[in-house]
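Counting in our numbering, the sequence shown runs from 355 upward without gaps. Below is one structure, written out as structure tokens; the observations come after it.
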Amino acid sequence: MNLVHITKAIMLSTILLFLNACAMNQISDYDAQSMNQMQLVAKKVDYFYAQVSYLPKANRTYQQSAKQYLEIEVDLNALKLRQQVRSTNELTLKQVEIAQTLWREDRLSHQKKDTISDFIIKRHRQQFNRVFLAMITGEDSKPKSK
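Shown next as structure tokens:
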């Protein structure tokens, strides 16, 4: 092989190596505090829907639940803030933002209708369980720092 071919081969190898390195998806390390926050908020949301489901439909007013809506909204904001400061953590941050959007929509709907049906309670409880399960499973699969 002549020098031109060797130079081209080295340049091509370097470019391929660089592209390979760029294609690697880096994710943040496991964070025990984030995991605890996720589990706590998931528990509060599940408790909220369980508690509302035990109330007679006439007592499922927005005012009855306003304090819990606020507490869970604040917890979700705190979870989002924690995820924003962690590097290479975009997926978890997006999941928290989805949970915030769903929670906000549920609160506004409850406020507008001033009640929640059994169907909506069941559907939204399952929806949040899926969102938090994805968050918790994702966090649990992250590499543990040594």
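Just so you know, even glycine gets a beta-carbon here, dropped at the ideal spot from N, CA and C.
Could you check what DSSP says for residue i in three-state terms: helix, strand or coil?
i: Lys496; result: coil
i: Gln449; result: helix
i: Lys441; result: Strictly speaking, residue 441 in this sequence is Ser, with Lys absent from that position. Three-state result, Ser441: coil.
i: Asp468; result: coil
i: Gln418; result: helix
i: Gln393; result: helix
i: Asp429; result: helix
i: Leu462; result: helix
i: Leu409; result: coil
i: Gln380; result: coil
i: Asp400; result: helix
i: Val485; result: helix
Does the beta-carbon distance from residue i to residue j come in below 8 Å?
i: Thr469; j: Lys411; result: yes
i: Thr455; j: Glu493; result: no
i: Val399; j: Ile381; result: no
i: Tyr384; j: Lys498; result: yes
i: Arg461; j: Tyr408; result: no
i: Leu433; j: Met392; result: yes
i: Gln449; j: Ala386; result: no
Quick one: using the 10 Å Cβ neighbour count with 16 as the cut-off for buried, is residue i buried or exposed?
i: Phe402; result: buried
i: Ala420; result: exposed
i: Ser388; result: buried
i: Asp472; result: exposed
i: Trp439; result: Note that residue 439 is Val in the sequence shown, not Trp. Result: exposed.
i: Arg477; result: exposed
i: Arg414; result: buried
i: Val395; result: buried
On the premise that residue j lies in contact with residue i, defined as a C-beta separation below 8 Å, what is that separation, rounded to the nearest angstrom?
i: Val406; j: Ile452; result: About 21 Å separates the two Cβ atoms, so there is no contact after all.
i: Asn443; j: Gln437; result: 5 Å
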